[in-house]
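Read through the structure below, which is laid out as structure tokens, and then see the notes.
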Amino acid sequence: MHFTFVLAAFVGNAAAHGVVSSFKTDGAEHQGYMMNYYYDTKNGKALPPLAAWSAENLDNGFVSPNNYTHPDIICQKNGKPANLTVQVAAGGAIDFQWTKWAHFDSMMTYVAPCNGDCSAVDKTTLKWNYPQCFNIETIGSGTAKPEGVLGTKLYTPTDPGLYFNPYTILKNYTIPGPPLFKDGNGGLTDGSVRSSIAKDQTIAPIIATTLVTSRLPKPTTFEAITNAFPTATSVPSDSSPKPSASGCRAVRKAKNQKTRHSRF
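And the structure:
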């Protein structure tokens, strides 16, 4: 199963946003797409082998709600497929290392089928927001293939959860976007997400919102966690059921933590 990871932060109003500098699949580290690669290609250099999609968001800016129907919401501005795909076993772990973010936001992850080679997929056909994408093949024996939603139809400017004040005490948080796949297994597991703050980052104490966990159906289980205001940099590992997975997927993640840990 191929997974293309899209990591999105679409709520904040700050101009400076983080990027995924690297990610790990079952402990194996892979380089993220960095902006210097963009300038290298403009100077005639070839991209190195990467599972991370390229993009042209040179200002690290965000996609505003009035542009949610524009293709730039998918894998960022002029996002293009990666030239490499890495593998992770069904039930394995994936960690994302983020550079510094200027504000707090919600965090979500989406999955959608590539329906073939993820390195040649048309992002506007993916049924699953920005800022970055990754090609990951999840190896398993399952056959479930939820339909998904086109990236340009995931949100409207009036969806609940898109605008909120992170510096107040919130009793709960409504996840924007389409409903979860009905055959998935829902539930809160403390080990579903792990964050790791880089040495140069300082996080002021913020009261956490309600964690909401959702999973796509077996065998293509993916945990989507919302925690707009993390109070800790680490959460113990969990014992959530390990799925068996098969098929091609694309994933989008909104990010407010330095490192995100997910299980497949």
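Going left to right, the sequence shown walks through residues -16 to -1, 1 to 248 as mature numbering (1 follows the signal peptide of the UniProt record, and there is no 0) numbers them.
All C-beta atoms in this analysis are idealised placements derived from N, C-alpha and C, irrespective of residue type, glycine included.
Please read these numbers as outputs of a predicted model, since none were measured by experiment.
Going by beta carbon distance, what residues of the same chain come within less than 6 Å of residue i, once the five residues before and after it are set aside?
{"i": "D16", "result": "First, the residue type needs correcting, since residue 16 is Gly and not Asp in the sequence shown. Closer than 6 Å at Cβ, skipping near neighbours: V4, S5, S6 and A36."}
{"i": "P160", "result": "Y139, D143, G145 and L146"}
{"i": "I191", "result": "Because I191 sits at a pLDDT of 32, beneath the cut-off of 50, its placement in the model cannot be relied upon, and the following sentence gives the value as read from the coordinates. Result list for I191: I153, in chain order."}
{"i": "V105", "result": "P65 and C98"}
{"i": "P162", "result": "V133"}
{"i": "P55", "result": "T108"}
{"i": "H14", "result": "F7, A35 and V70"}
State the beta-bridge partners of residue i as determined by DSSP.
{"i": "V4", "result": "W82"}
{"i": "I123", "result": "A73"}
{"i": "A12", "result": "T9"}
Can the beta-carbon of residue i be found less than 8 Å from the beta-carbon of residue j?
{"i": "E40", "j": "K61", "result": "yes"}
{"i": "P150", "j": "K129", "result": "no"}
{"i": "K107", "j": "G75", "result": "no"}
{"i": "T158", "j": "I57", "result": "no"}
{"i": "N50", "j": "P141", "result": "yes"}
{"i": "Y23", "j": "L31", "result": "no"}
By Cβ distance, which residues of its chain are closer than 7 Å to residue i, with the 5 residues on each side in sequence left out?
{"i": "M19", "result": "L42"}
{"i": "T83", "result": "G2, V3 and S5"}
{"i": "T53", "result": "T136"}
{"i": "D10", "result": "V72, A73, G76 and A77"}
How about residue i: is its C-beta nearer than 8 Å to some C-beta of chain D?
{"i": "P150", "result": "Note that chain D does not occur in the displayed structure, where there is just one protein chain."}
Grab me the residues of residue i's own chain with a C-beta within less than 8 Å of its C-beta, minus the 5 sequence neighbours each way, in chain order.
{"i": "S103", "result": "P65, A66, N67, L68, T69 and N119"}
{"i": "A12", "result": "V70"}
Sufficient close CB pairs (3 or more, under 8 Å) joining the stretch 63 to 74 to the stretch 21 to 37:
yes
Output the residue ranges of the beta strand (DSSP E) runs that lie fully inside the stretch 24 to 84 and measure 3 residues or longer, sorted by chain position.
70 to 73 and 77 to 82
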